[in-house]
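Residue numbers (my numbering): 68 to 348.
Positions of the beta carbon are idealized from the N, C-alpha and C atoms, including for glycine.
Note that the structure is predicted; figures quoted are calculated from it, not measured.
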Amino acid sequence: MAKKIKIVIYIIVVIFSVFLVAKAIKQESGANPEVLDKVVILNEAKVLPENEGKLVLVSGKLKASEVFKDNTFGLELDTFRVNKIVEMYQYKEGNDEVGFEWKEKVEKKSIISGSGGIYRNPEKSMSSINKCDKAYLGEFTVSEKLTQRINNNEKVELPEIEGFKRKGEYLTNSKWGPSVGDIRIKMSYVNLEKLGDISILAKQVGDGFEEYKLDTGAYAFNVYQTKISNKEELAKALEQDSKNMAGGMIFIIIVLIIIGIILFRTNIKNLIDKIKNKTNK
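1) Mind the definition here: the region 119 to 133 touches the region 165 to 177 only if three or more C-beta pairs lie below 8 Å; say whether that holds.
2) May I ask you to report which of helix, strand or coil DSSP gives Glu-260?
3) Whose C-beta lies closer than 8 Å to the C-beta of Glu-306 among residues of the same chain, with five residues either side of it excluded?
4) Restricting to Cα atoms, I'd like to know which of Leu-225, Ile-178 and Phe-147 is closest to Gln-157.
5) State yes or no: is the C-beta of Glu-221 within less than 8 Å of the C-beta of Lys-253?
6) For Glu-224, tell me which candidate among Phe-318, Glu-111 and Lys-151 has the shortest Cα-Cα distance.
7) State yes or no: is the C-beta of Val-123 within less than 8 Å of the C-beta of Ala-269?
8) Just the Cα atoms here: how many angstroms apart are Ile-267 and Asp-308?
9) Give, in chain order, every unbroken run of the alpha helix (DSSP H) that is at least 4 residues long and sits entirely within the region 162 to 227.
10) Rounded to the nearest angstrom, what separates Ser-194 and Leu-259 at their Cα positions?
11) Could you check which residue in Ser-180, Asn-162 and Met-155 has the C-alpha nearest to that of Glu-168?
12) Closest to Asp-274 by C-alpha separation, out of Ile-329, Thr-139 and Gly-120, would be which residue?
13) With DSSP run on the structure shown, which of helix, strand or coil describes Ile-295?
14) Just mark Ile-329 as buried or exposed, buried being the case when its beta carbon has 16 or more other beta carbons within 10 Å.
15) Under 8 Å Cβ to Cβ from Phe-318, same chain only, skipping five residues before and after it: list those, please.
16) Would you list the one or two residues that DSSP bridges to Leu-268?
17) Closer than 7 Å by C-beta to Asn-197: which residues in its own chain qualify, once you throw out the five before and the five after it? Chain order, please.
18) Using the DSSP secondary-structure output, state which residues sit across from Gln-157 in a beta bridge.
19) To the nearest angstrom, how far is the alpha carbon of Val-272 from that of Met-312?
20) Could you spell out where the beta strand (DSSP E) holding Val-134 opens and where it closes?
21) Could you check the C-alpha separation between Glu-160 and Arg-216 for me, to the nearest Å?
22) Considering only C-alpha positions, which residue in the set Asp-249, Thr-214, Glu-278 and Asn-110 is nearest to Tyr-291?
23) If you run the structure through DSSP and keep just helix, strand and coil, what is Glu-143?
24) DSSP three-state call for Ser-246: helix, strand or coil?
25) Along the beta strand (DSSP E) that carries Gly-284, what are the first and last residues, could you check?
26) Quick check: Ile-250 and Val-153, are their CB atoms within less than 8 Å of each other?
27) If you draw a straight line from the alpha carbon of Ala-287 to that of Lys-136, how long is it in whole angstroms?
28) Between which two residues does the beta strand (DSSP E) holding Glu-277 run?
29) Which residue from Ile-295, Ala-304 and Val-134 puts its Cα closest to that of Cys-199?
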């Protein structure tokens, strides 16, 4: 009885998910004409009082609010986002013997192997950074809500410094390979020079941007990693957004259906096994 209830609940969830997806796709596609009708395309990234509260499209190059400095490696990066991962090579629990792994924090100070040996991980300070700040686009201030949507991370080539030696993709004190206690540092950032022009579609509020609620109930609030100069180019970008959203939602539905098929097959197999057992008795 409990299994039947679970199956019914699952069917309801799938049907409800399909309904939500269809509604979202319809809402998104219906919003595009409204966006094209209401949008004000700015020729320059200037804050004009007459555009306050309106849906605007502004393009240009971003500028960081401050230079990111890393004193360890003597780096100065002109960027609004930096991702620095600091990991230590350490012991980890295994089935019989201990293993090794790179981790941002020490999971266990002491590990006992299957043979009874005790392995101790050194205590070291590891400070990873995931920094995303505001930026500037002409006279506008671009908040973290928009800058975090920009996917253009580039690996930072860290210089060799005294105390660290290069070995493959990690920095280690051992020339033969990593030893427990070695530190690995990876860093990436958004290279503003390579990023080039971007375009922001949002509501102008003061010198910043907020979500613009459309009559359909959808919201216009996006950043495009290309320059959009007219409504024709914007229409293509909006159409691609709709396709991406529909594709993502359809994928979720397919995953749900596959899970459902697996559950049904398992239940049917269990039912057949029960019938066979009763027949044999």
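With the given structure in hand:
1) Taking 8 Å as the limit for Cβ pairs, the verdict is that the region 165 to 177 does not touch the region 119 to 133.
2) As a working note, residue 260 is residue 193 in the sequence shown. Of the three classes helix, strand and coil, the one that applies to Glu-260 here is helix, per DSSP.
3) Within the sequence shown, residue 306 is the residue found at index 239, counting from 1. Excluding positions up to five away in sequence, the list reads Asn-99.
4) The count along the sequence shown starts at 1 and reaches residue 157 at position 90. For the residues Leu-225, Ile-178 and Phe-147, the minimum Cα distance to Gln-157 belongs to Ile-178.
5) Walking along the sequence shown from the start, residue 221 turns up at place 154. Walking along the sequence shown from the start, residue 253 turns up at place 186. No; because the gap between Cβ atoms is not below 8 Å, this pair is not in contact.
6) Reading the sequence shown from its first residue, position 157 is the one you call residue 224. Measuring from the Cα of Glu-224, the nearest candidate turns out to be Lys-151.
7) Here residue 123 corresponds to residue number 56 of the sequence shown, with the count starting at 1. Here residue 269 corresponds to residue number 202 of the sequence shown, with the count starting at 1. Going by C-beta atoms, Val-123 is nearer than 8 Å to Ala-269.
8) Along the sequence shown, read from residue 1 onward, the residue named residue 267 stands at position 200. Along the sequence shown, read from residue 1 onward, the residue named residue 308 stands at position 241. Rounded to whole angstroms, Ile-267 to Asp-308 spans 14 Å at the Cα level.
9) 211 to 214
10) Translated into positions along the sequence shown, residue 194 becomes position 127. Translated into positions along the sequence shown, residue 259 becomes position 192. Approximately 25 Å, taken between the alpha carbons.
11) Against the sequence shown, residue 168 aligns to sequence position 101. Closest by alpha carbon: Met-155.
12) Along the sequence shown, read from residue 1 onward, the residue named residue 274 stands at position 207. Closest option to Asp-274, Cα to Cα, is Gly-120.
13) Along the sequence shown, read from residue 1 onward, the residue named residue 295 stands at position 228. If DSSP states are grouped into helix, strand and coil, Ile-295 belongs with coil.
14) Counting from 1 along the sequence shown, the entry for residue 329 is found at position 262. The residue in question, Ile-329, is exposed, as its Cβ has fewer than 16 Cβ neighbours within 10 Å.
15) Sequence index remark: in the sequence shown, residue 318 carries index 251 (1-based). So the list is empty, once near-sequence residues are dropped.
16) The residue given as residue 268 occupies position 201 in the sequence shown. Leu-124 and Asn-289.
17) Sequence index remark: in the sequence shown, residue 197 carries index 130 (1-based). Same-chain partners within the cutoff: Asn-150.
18) Counting from 1 along the sequence shown, the entry for residue 157 is found at position 90. Glu-168, per the DSSP bridge assignment.
19) Here residue 272 is taken as the residue at index 205 of the sequence shown, counted from 1. Here residue 312 is taken as the residue at index 245 of the sequence shown, counted from 1. Rounded to whole angstroms, Val-272 to Met-312 spans 27 Å at the Cα level.
20) Numbered from its first residue, the sequence shown carries residue 134 at position 67. Here the beta strand (DSSP E) through Val-134 covers 134 to 137.
21) If you number the sequence shown from 1, residue 160 lands on position 93. If you number the sequence shown from 1, residue 216 lands on position 149. When rounded, the distance between both Cα atoms is 37 Å.
22) Within the sequence shown, the letter at position 224 stands for residue 291. Checking every option, the nearest Cα to that of Tyr-291 belongs to Thr-214.
23) The count along the sequence shown starts at 1 and reaches residue 143 at position 76. Strand at Glu-143.
24) Working through the sequence shown from its first residue, we reach residue 246 at position 179. It is coil, neither helix nor strand.
25) Residue mapping note: residue 284 aligns to position 217 of the sequence shown, counting from 1. Looking at the DSSP string, Gly-284 is not in any beta strand (DSSP E), and its letter there is neither H nor E.
26) For the purposes of this step, residue 250 is identified with residue 183 of the sequence shown, where counting begins at 1. For the purposes of this step, residue 153 is identified with residue 86 of the sequence shown, where counting begins at 1. Contact flag set, yes.
27) Within the sequence shown, the letter at position 220 stands for residue 287. Within the sequence shown, the letter at position 69 stands for residue 136. Ala-287 and Lys-136: Cα-Cα distance of roughly 35 Å.
28) Here residue 277 refers to the residue found at position 210 when the sequence shown is read from its first residue. Start and end: 275 to 277.
29) Here residue 199 refers to the residue found at position 132 of the sequence shown. Ranking Ile-295, Ala-304 and Val-134 by Cα distance to Cys-199 puts Val-134 first.
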